[in-house]
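Counting the sequence shown from 1 gives a position; this note's numbering is that position plus 4.
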Amino acid sequence: MNENYQIVTDRNKLSQACKKVTVPEGIEIGKILLKELKKERTGVGLAANQIGIDAAVCVVKVGQPVVLVNPVIKNSFKKIFPLEACLSFPGEQVTTQRWANIAVKADNHKDLLYFGEDNLLECICTQHEIDHLNGITMFDRQNELDKAPNIEYIKNIK
Ligand SMILES: [Zn+2]
């Protein structure tokens, strides 16, 4: 594959779940994603559908590059509320609700992968990218947060 990939910025297109792929296919797509991610100055992760490839593959590169083929979050612990950005929505930032610790099963890794509080950026990015593969953008994660502080606020003013 030697295409010129463009970052998809259409939220409707990004709202569709990606199809599962085989591990060899996923590894090849992972290589393309890491190459494309390198071109972006600010990005720490990229999902296949963000460059128009319908495949459940994403990469995260905070420290070591991580390729995830058909990833699923199996376990999660401790809510956090980070401020996030996305290569598909330049200039936008939202406060989301995420987990500080997750265990991920991906078909190209034998064991569960742990991402946690010792590297929060990597942990948050992994959740953000896996969301992309399920057709979920950071804006979809904003809503739950908006509800919770209001309840707290009403209690506090009594
Ligand atoms: Zn994104």
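All residues carry an ideal CB built from backbone N, CA and C; glycine is no exception.
Small disclaimer: the values here were computed from a predicted structure and weren't measured.
**Straight-line Cα distance separating L37 from G56** = Mapped onto the sequence shown, residue 56 falls at position 52. Mapped onto the sequence shown, residue 37 falls at position 33. The straight-line gap from Cα to Cα measures roughly 11 Å.
**Request:** Report the three-state DSSP secondary structure of N138 (helix, strand or coil).
**Result:** Within the sequence shown, numbered from 1, the residue matching residue 138 stands at position 134. Residue state, collapsed to three classes: coil.
**Message:** Between the alpha carbons of K35 and N123, how many angstroms are there, rounded?
**Reply:** Start at 1 with the first residue of the sequence shown, and residue 35 comes out as number 31. Start at 1 with the first residue of the sequence shown, and residue 123 comes out as number 119. Taking the straight line joining both Cα atoms gives about 23 Å.
**Validate contact between the segment 77 to 84 and the segment 42 to 62 using beta carbons, cut 8 Å, 3 pairs** = no
**Asked** Can you tell which of S19, P69 and L87 has its C-alpha closest to the C-alpha of N138?
**Response** On the sequence shown, residue 138 is found 134 positions in, with the first residue counted as 1. The candidate whose alpha carbon is nearest that of N138 is S19.
**Simplified DSSP assignment, three categories, for A51** = Against the sequence shown, residue 51 aligns to sequence position 47. Three-state result, A51: strand.
**Request:** Return the chain-ordered list of same chain residues with a C-beta closer than 7 Å to the C-beta of K83, the five sequence neighbours on each side being excluded.
**Result:** Position 79 of the sequence shown holds residue 83. Cβ neighbours of K83 beyond the five flanking positions: Q101 and W103.
**Prompt:** DSSP on P28, reduced to helix/strand/coil?
**Reply:** The residue you call residue 28 lines up with position 24 of the sequence shown. In this structure, P28 counts as helix in the three-state DSSP scheme.
**Message:** Given the structure, does S19 come close to ligand 1, in the sense that its CB is under 7 Å from one of the ligand's heavy atoms?
**Reply:** As a first step, residue 19 must be located in the sequence shown, where it is residue number 15. No; taking the cut-off as 7 Å, the Cβ of S19 has no heavy atom of ligand 1 nearer than that.
**Message:** Along the chain, where does the beta strand (DSSP E) containing F81 start, and where does it finish?
**Reply:** As a working note, residue 81 is residue 77 in the sequence shown. It spans V76 to I84 - the beta strand (DSSP E) in which F81 sits, taken as one unbroken run.
**Prompt:** Buried or exposed: E133, going by 16 or more other Cβ atoms within 10 Å of its Cβ?
**Reply:** To locate residue 133, count along the sequence shown from 1; it is residue 129. Classification of E133: buried, given that the 10 Å Cβ count is 16 or more.
**Prompt:** What does Y118 pair with, by DSSP beta-bridge criteria?
**Reply:** Working through the sequence shown from its first residue, we reach residue 118 at position 114. Bridge partners of Y118: A107.
**Request:** With DSSP as the reference, label K35 as helix, strand or coil.
**Result:** The sequence position of residue 35 within the sequence shown is 31, counting from 1. Three-state DSSP puts K35 in a helix.
**C-alpha distance - K17 paired with T141, whole-angstrom precision** = Position 13 of the sequence shown, counting from 1, holds the residue named residue 17. Position 137 of the sequence shown, counting from 1, holds the residue named residue 141. The straight-line gap from Cα to Cα measures roughly 11 Å.
**Residue interval of the beta strand (DSSP E) (run including K65)** = Position 61 of the sequence shown holds residue 65. V61 to K65 is the extent of the beta strand (DSSP E) around K65.
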